[in-house]
Amino acid sequence: MALAAGVALIASCALAGANPHVAAASAPRFFPVTPEVAADEGFNWPIGLRLVNPFETGIYLDSLRAVIEDTGPGDPRSERVSRQDLTALLGILPAVAGRDSGDLSLTMSAAAERATITFELLAHTASHEPLHFAATVHAVPGAGWGHYPSLFLTVDGRRVEVVTVRPPHPEASMPGLLFVHGHGGDARRMLRMGAIFAARGYAVTLVSMPGYGQSDGPADLMGPHTMRALMAAFVDLTRTPGVDTTRLAVYGISRGAGPAVELAIQRRDVRAVVAQSGIYDLWAVYRGTQLPGFRDTILAEAGSDSSAWRERSPALRAGGVHAAVLLIHGENDTRVPAAQAHAFQHALEAAGVTVEAHFDPEAEHAVPRAEALRAVFDFLHRTLAE
Numbered sequence: 008m009a010l011a012a013g014v015a016l017i018a019s020c021a022l023a024g025a026n027p028h029v030a031a032a033s034a035p036r037f038f039p040v041t042p043e044v045a046a047d048e049g050f051n052w053p054i055g056l057r058l059v060n061p062f063e064t065g066i067y068l069d070s071l072r073a074v075i076e077d078t079g080p081g082d083p084r085s086e087r088v089s090r091q092d093l094t095a096l097l098g099i100l101p102a103v104a105g106r107d108s109g110d111l112s113l114t115m116s117a118a119a120e121r122a123t124i125t126f127e128l129l130a131h132t133a134s135h136e137p138l139h140f141a142a143t144v145h146a147v148p149g150a151g152w153g154h155y156p157s158l159f160l161t162v163d164g165r166r167v168e169v170v171t172v173r174p175p176h177p178e179a180s181m182p183g184l185l186f187v188h189g190h191g192g193d194a195r196r197m198l199r200m201g202a203i204f205a206a207r208g209y210a211v212t213l214v215s216m217p218g219y220g221q222s223d224g225p226a227d228l229m230g231p232h233t234m235r236a237l238m239a240a241f242v243d244l245t246r247t248p249g250v251d252t253t254r255l256a257v258y259g260i261s262r263g264a265g266p267a268v269e270l271a272i273q274r275r276d277v278r279a280v281v282a283q284s285g286i287y288d289l290w291a292v293y294r295g296t297q298l299p300g301f302r303d304t305i306l307a308e309a310g311s312d313s314s315a316w317r318e319r320s321p322a323l324r325a326g327g328v329h330a331a332v333l334l335i336h337g338e339n340d341t342r343v344p345a346a347q348a349h350a351f352q353h354a355l356e357a358a359g360v361t362v363e364a365h366f367d368p369e370a371e372h373a374v375p376r377a378e379a380l381r382a383v384f385d386f387l388h389r390t391l392a393e
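For the sequence shown, position 83 (counting from the first letter as 1) is numbered 90 according to the numbering used here, and the numbering increases by one without interruption.
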């Protein structure tokens, strides 16, 4: 049962009757069943949490959230802390009876190679006394991470990090996919996405844009350094043994979406491009964003010269896109307004480019992963058919 982004319940708890092993004590305890967990082959963290109630009366659970701090390799300036609301889990475990214990077992997507995960539980007693618990789990690399080392290309004297993910049973001819992350991501953080596509037969190259992961910076928001890094990664993908160079695609998310489209302008061998929650007209985003500080980021990375803004606005070159395009966007996106994608769709259609669009009427900047992947799999299957 899906509970939140990247979280699924895999077991519940038994609550009936007092547990004779729970002795009376001064305070309840909330702790991980295993304080250290390793990601499995599917890039999931298996986590168990336990609440021991020594009271004679029940403890009633109100809310649960996870605070995930990425402690793995990568640029320390990127976003390292994320939060997930797991309160839906408490529908399975609403209370722990007196002199009893309750367990929650869940899987979480391994969003980082190493992480410290703090689970914050709010509860109350039968007399409405508030209780606040915290339990910490340390996530370490599992077998899956070790199979996919980072490799480094050199572009203009700068290091570009790439990770290659091949299907479990590679075929003689496979479609190739270059995956371009958004802000706060990098090649290694997207390994789970790479594994998902590899399981469907794609040879995947994940790239860290300049200023992200272990790629040299600085970041330049869809600028020339980013494009040269992506071009090198794409060429590296075409040289992967078994990749069918007539079936190549690029998938970019957020600040990676515009460069993915730009690559389809510069390379005629890109057959399909997926652009999700992307920037296609820098002027329009600068005017329309409601994200505090984003205008400052645009000016810091793109400068104020109009020519630099033009080269970061693929909507101005819609007629030069050589690939079929799938646009994915949330209608309630306040960071990059959905008007971006609507206007770009119209520009592509007017230029005669094959374009499809999936707009989620409820989503904000982050379109739910399962929903986005359904649209992407369908589009790529049809577009890259032999």
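Even glycine gets a Cβ: it sits at the ideal position worked out from N, Cα and C.
Return the CA-CA distance between residue i and residue j, expressed in angstroms with no decimal places.
i, j, result
"R166", "H139", "45 angstroms"
"V395", "A357", "Summary: the structure shown does not reach residue 395, with the chain confined to residues 8 through 393, and so no result is reported for it."
"A264", "E43", "36 angstroms"
"A282", "V268", "7 angstroms"
"N339", "Q347", "12 angstroms"
"E76", "A142", "14 angstroms"
"V59", "A95", "20 angstroms"
"P61", "H131", "14 angstroms"
"A122", "G326", "44 angstroms"
"A25", "L97", "Bear in mind that a pLDDT of 43 at A25, under 50, signals an unreliable position, so the number given afterwards is only what the model happens to contain. Rounded to whole angstroms, A25 to L97 spans 20 angstroms at the Cα level."
"F204", "I272", "24 angstroms"
"F366", "P344", "12 angstroms"
"G218", "R389", "34 angstroms"
"L111", "A73", "13 angstroms"
"L237", "T304", "21 angstroms"
"A309", "A194", "23 angstroms"
"R302", "T296", "8 angstroms"
"C20", "S70", "For C20, the pLDDT reaches just 40, beneath the cut-off of 50, and the residue's location in the model is therefore unreliable, leaving the point undetermined."
"G220", "G164", "17 angstroms"
"A377", "V362", "21 angstroms"
Is the beta carbon of residue j closer than 8 angstroms to that of residue i?
i, j, result
"S284", "H336", "yes"
"T233", "A210", "no"
"H5", "R275", "Since the displayed the chain opens at 8 and closes at 393, residue 5 lies outside it and no answer follows."
"A152", "T114", "The residue asked about is misnamed: residue 152 is Trp in this sequence, not Ala. In this structure, T114 does not lie closer than 8 angstroms to W152 by Cβ."
"V277", "V292", "no"
"S311", "D288", "no"
"R196", "H190", "no"
"L244", "L185", "yes"
"V332", "V360", "yes"
"G149", "A45", "yes"
"Q352", "A364", "yes"
"A64", "G105", "Per the sequence presented here, residue 64 reads as Thr, with Ala not at that position. Yes, they are a contact pair."
"A240", "V169", "yes"
"H66", "A102", "The sequence shown places Ile at residue 66, not His. A contact, by the Cβ cut-off of 8 angstroms."
"L68", "L93", "no"
"G230", "L213", "no"
"L128", "F37", "yes"
"G249", "P182", "no"
"S314", "D251", "no"
"F50", "S116", "yes"
"T78", "G55", "no"
Use the C-beta contact count for residue i: other C-beta atoms within 10 angstroms, 16 or more gives buried, fewer gives exposed.
i, result
"A379", "buried"
"F384", "exposed"
"E136", "exposed"
"R254", "buried"
"G224", "exposed"
"E2", "Any answer about residue 2 is impossible in this case: the structure gives the chain only from 8 up to 393."
"G109", "buried"
"A307", "exposed"
"H154", "exposed"
"P156", "exposed"
"R90", "exposed"
"P266", "buried"
"G300", "exposed"
"S222", "buried"
By DSSP, does residue i sit in helix, in strand, or in coil?
i, result
"M216", "coil"
"Q91", "strand"
"F126", "strand"
"M115", "strand"
"G153", "helix"
"Q297", "coil"
"M181", "strand"
"M80", "According to the sequence shown, residue 80 is Pro rather than Met. Reduced to three states, the DSSP call for P80 is coil."
"D312", "coil"
"L228", "coil"
"Q283", "strand"
"T304", "helix"
"G189", "coil"
"V332", "strand"
"E168", "strand"
"S70", "strand"
"H372", "coil"
"H145", "strand"
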